[in-house]
Structures are given as structure tokens and as C-alpha cells.
Amino acid sequence: YMAPSLDACQDIVVVEVPKLGKEAAQKAIKKWRQPKSKITHLVFCTTSGVDMPKLLGLRPSVKGFMMYQQGCFAGGTVLRMAKDLAENNAGARDLVVCAEITNIMFWGPNGSPLDSLIERLLFGDGAAAVIVGSDPVVGVERPLFQLVSAAVAVDGGGEGVISNYFWKGGFSLLHLLDEGGLANNPIYIIASTLVNKL
């Protein structure tokens, strides 16, 4: 527990996060049925690292926005940014990519298994991508959704309930289970039930 592993984890993340993102981006572009040369903006988000994605093969003129450490509200944050970019730049088409690898949160056994269990229940590896634009080209683009609004909200009693830290041993979420009424939180109840069955 807490053995220095940050460098080893980052060595994996630097290579694999862009690969996950690229795969998701390729699927989104294929469903969009337009050449990737029409993409004007890239919004890339990850909590897994702080490196620039290099494998997407976009034009050098594509304006990139990299977002890091957004945590649980990453999806809402990147959609809000993409919506604003699309609505304020005529003809813009934004490629939005979120990719995560959770190896940085992999810990050995410790005296507080509930925190580790909650991390395993909530988080995993994967990626998602979408093309966001406004004023779709009729007969060419087929929008699946209309993005009306994207927002982030923190439950009034939840501020400070989860804190994250980078250590030489990796990334840790500290769940302050005695504060903010978290004992009534459904995730806490499920995790507690599972731990008690061990």
C-alpha cells in the first residue's frame, strides 16, 4: 500500500489513454459520415494524465482544448464547452473525447477497504467521443440529439465529501464518510453492504 508507483502508472497512461481516445473518436467520426478534415475543434478530457493526445491525426489548424482532473463532472463540462464553441463559431464541428484509465487508483490492501471498494465500484477504463455542432447540414448530417443545456451541480451537503490527491503511490480519493450525511448515500450503502459480506 502506497508504494511509489506514480511513474510506472503514468508510463502506461501516456501511451494507452490516447489509444482509447483515438478508437472512440474514429467511431464517432464514422457515425458522423463526414471527413475528419471538417473538424474545427478538439475537446479532450481525462483525469488519467496531463499529456497532449497525439494519435488523432487531425489537421494542425484544429483548435485544441485539453481538460484535466474534472472528475465526476467531466462529461457535463466538456459538453458545455463544446456547445459554446459550436454556437459561437459558425460552421464549427467539435470532436469531444473523454478517455480514462484507472490504473493510477490501483492500490494494495490497506486498513480502509471501503474507500478502495467505492473507487472500484464507481470508476473504470474506457473512452467516449461525440461530434458537436450547430446548424446541421440538411441531408448530410443526421443529429441524434439536441444539446439544450449542460451543467454541473454539487449536492448542497456534499461539498468536501470526496477529495482527491496525487501521491507518489498514485491517485487517491478520500471519502470523508462521517461528513455531509454520506452515510445515507446509496453508493455508500451498497459498498458497505458488499464489504460486510466479505
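No gaps in the numbering here: position 18 of the sequence shown is 18 in our numbering, and each next residue is one more.
We put the CB at the ideal spot given by N, CA and C, even for glycine.
Computed from a predicted model, the values in this text were never measured in an experiment.
Look up residue i in the DSSP assignment and give the residues it is bridged to.
i       : result
Met-216 : The shown model of the chain, from 1 to 198, leaves out residue 216, and the question about it has no answer.
Gly-126 : Glu-100
Val-132 : Asp-94
Considering only residues of the same chain and omitting the five flanking positions on each side of residue i, which have a CB-CB separation below 6 Å?
i       : result
Ile-29  : Lys-36
Met-208 : The chain is shown from 1 up to 198; residue 208 falls before or after that span and cannot be answered.
Lys-63  : His-41
Trp-32  : Ile-131
Ser-192 : none
Residue i and residue j look like a contact to me (Cβ under 8 Å); what is the Cβ gap, rounded to whole Å?
i      : j      : result
Cys-45 : Cys-98 : 5 Å
Ala-92 : Gly-57 : Contact doesn't hold; Cβ gap of about 19 Å is too wide.
Val-78 : Met-67 : 6 Å
Near residue i, what residues of its chain come up, given a Cβ to Cβ distance below 8 Å and the 5 sequence neighbours on each side ignored?
i       : result
Phe-123 : Glu-100, Thr-102 and Met-105
Leu-12  : It is worth fixing the name first, because residue 12 is Ile in this sequence and not Leu. Hits under 8 Å: Ile-101 and Asn-103.
Lys-27  : Ala-129
Leaving out five residues before and five after residue i in sequence, what residues of the same chain have Cβ atoms less than 7 Å from its Cβ?
i       : result
Glu-16  : Ile-101
Gln-70  : Cys-45, Thr-47 and Thr-77
Pro-136 : Pro-143
Does the beta-carbon of residue i, which I'm using as the reference point, lie nearer than 7 Å to any heavy atom of the ligand NAD?
i      : result
Val-97 : Questions concerning the ligand NAD fall outside what the structure shown contains, since it holds no ligand whatsoever.
Between residue i and chain C, is the shortest Cβ-Cβ distance under 8 Å, so that the two count as touching?
i      : result
Asp-84 : In summary, chain C is missing from the structure at hand, where a single protein chain is found.
Answer yes if the segment 81 to 89 comes into contact with the segment 37 to 51, meaning at least three C-beta pairs across the two stretches below 8 Å, and no otherwise.
-> Of all C-beta pairs linking the segment 37 to 51 to the segment 81 to 89, three or more are shorter than 8 Å, placing the two stretches in contact.
So does the segment 10 to 29 actually touch the segment 121 to 136, counting three or more Cβ pairs closer than 8 Å?
-> These segments touch.
Fully enclosed by the segment 12 to 47, which beta strand (DSSP E) runs are 3 residues long or longer?
-> 41 to 46
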